[in-house]
Amino acid sequence: MLKSDFTYDLPPELIAQEPLAERSASRMLVLDGDSGQWQDSWIRALPEYLNPGDLLILNDTRVLPARLHAHKQTGGAVELLLDRLLGEEEGWFLAKSSKALRPGMVLQLAQGERAEVLEKDGMDVRLRLHQASWLAVLESEGSMPLPPYIHRAPEARDQERYQTVYADKPGAVAAPTAGLHFDQGLLEALDARGVERRFVTLHVGAGTFLPVRSEQVHEHQMHAETLIVSPETVAAITATKARGGRVIAVGTTACRALETAGQDGTLRPYVGETRLFLYPGKKFQVIDALLTNFHLPESTLLMLVCAFAGTECMLAAYQHAVAARYRFFSYGDAMFITPAALSRYLP
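Counted the way numbering that gives the first Met the number 0 counts, the sequence shown spans residues 0 to 346.
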């Protein structure tokens, strides 16, 4: 299986550069993975596609202002993008500089804090602060880490709009973008429909921005991301399935969190890291439907949705979305997907 099997032509003008005035004003392409049929709809109509007793699983991670500027002791500029925190004083960062960083080097941050390079792994460096916490530094010096396909500087409104309305636990460097469509009105409509919701936490890392470099899909190595699936969420999922309801993941991050916790066929509470890579041929153990944004060509996220609904079916739906002028990627429109039969459950 080649990464070039997961490509499609996307006119650049369809890449959304700005959020809509209203979160729930986005369009929604509804795809039945079993039949391959799709229909054009709207996010506001999501409750119509759900049943009383269904359960939405949302990712309550909070995006940090994770992009920082620093200088080497020699004066050279360094751009840092948080990958994941390891505690108050340590974290892994993607680093860009004219010359490679080495263990033992000390970086100077904007407000005088110093960070020591402890370890290097490819483009990643592990940094330790001296007498400060990374959360405090990021909040005071960092900027919102808009994705590289948004060709503008972060603005004040991105502090609120590149964040879900239910964001709670700080730690992500990218938004769980399917959740950006939810506003209070949509949440209330789902409540009125009798749809329940619970939360997982998966802190999206900087690796989400990195391309798949190996042509053979199975050779790609995912970056580690930290996650929590609580006992309360597991209990709610178990009860939902027992009564015949569906478990709907809001976003690929919620999907990967649940599928990590249920990899052996039994869903259990989970706290730790995941490198789970779902591509065609992999089976889904937990989720019954998926709400997600449109994803980049040849990306691991496009491979995930192809695994769920079938590659041919998904790429045909993407062609329709391009022809129908849907808006793509983080600030773009959404898809509601039910699975192809072959993606469900290991025998």
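Using N, Cα and C, we set each Cβ at its ideal position, and we do this for glycine too. Nothing here was measured: the structure is a model prediction, and the numbers come from that model.
Check: Cα separation between ALA320 and LEU28?; Outcome: 8 Å
Check: Tell me where the alpha helix (DSSP H) around PHE328 begins and ends.; Outcome: First-last for PHE328: undefined, no H or E at that position.
Check: Alpha carbon to alpha carbon, how far is GLY178 from GLU88? Give it in angstroms, no decimals.; Outcome: 30 Å
Check: Can you tell me which of the three DSSP states LEU345 falls into?; Outcome: Residue confidence is low: LEU345 scores 38 on pLDDT, short of 50, so the model does not pin down where it sits. Its coordinate-derived value is still stated next. It is coil, neither helix nor strand.
Check: Mind checking TYR344: buried by the 16 CB within 10 Å criterion, or exposed?; Outcome: In this prediction, TYR344 has a pLDDT of 43, which is less than 50 and means its spatial position is unreliable; nothing more can be read from the coordinates.
Check: In this structure, how does DSSP classify SER229 when only helix, strand and coil are distinguished?; Outcome: coil
Check: Please report how far the alpha carbon of LEU108 lies from the alpha carbon of LEU45, in whole angstroms.; Outcome: 45 Å
Check: Quick check on ASP39: does DSSP put it in helix, strand or coil?; Outcome: strand
Check: Less than 8 Å separating the beta-carbons of ASP82 and ASP123?; Outcome: yes
Check: Kindly indicate the opening and closing residues of the alpha helix (DSSP H) around GLU258.; Outcome: 251 to 260
Check: In its own chain, which residues sit with a C-beta less than 7 Å from the C-beta of GLY184, not counting the 5 before and 5 after it?; Outcome: SER23
Check: The beta strand (DSSP E) with SER96 in it runs from where to where?; Outcome: 89 to 96
Check: Of all the options TYR269, VAL116 and TRP91, which has the alpha carbon lying nearest to the alpha carbon of PRO102?; Outcome: VAL116
Check: Is the CB of GLY331 under 8 Å away from at least one CB in chain C?; Outcome: Given the protein chain composition of this structure (a single chain), no chain C is represented.
Check: Spatial neighbours of ARG43 within its chain, please: CB distance less than 7 Å, with the 5 preceding and 5 following residues excluded, ordered by chain position.; Outcome: SER23 and LEU185
Check: Let's test the definition: count the other Cβ atoms within 10 Å of the Cβ of HIS217 and tell me whether it reaches 16, buried, or not, exposed.; Outcome: exposed
Check: Determine the DSSP secondary structure at ILE350, reduced to helix, strand or coil.; Outcome: Because residue 350 is not part of the residues shown, which for the chain are 0 to 346, the question remains open.
Check: Between the Cα of LYS95 and the Cα atoms of LEU63, LEU137, GLN16 and ALA205, which residue gives the shortest distance?; Outcome: ALA205
Check: Counting beta carbon pairs with one atom in the segment 222 to 230 and one in the segment 252 to 268, are three or more of them shorter than 8 Å?; Outcome: yes
Check: Which residues in the same chain as LEU189 place their Cβ atom closer than 6 Å to its Cβ, once the five residues preceding and following it in sequence are excluded?; Outcome: PRO46
Check: By alpha-carbon positions, which one of LEU100, PRO10, THR299 and TRP41 ends up nearest to LEU1?; Outcome: THR299
Check: Candidates ARG242, VAL246 and ALA99: which alpha carbon is nearest PHE198's?; Outcome: VAL246
Check: Taking ASP8 as the reference, which of PHE293, VAL203, PRO51 and SER132 has the closest Cα?; Outcome: PHE293
Check: With which residues is GLN215 paired in a DSSP beta bridge?; Outcome: LEU1
Check: State the Cα-Cα distance for the pair PRO338 and LEU93, rounded to the nearest angstrom.; Outcome: 35 Å
Check: From what residue to what residue does the beta strand (DSSP E) around GLY271 run?; Outcome: 269 to 273
Check: Consult DSSP for ALA15 and reduce its assignment to one of helix, strand or coil.; Outcome: coil
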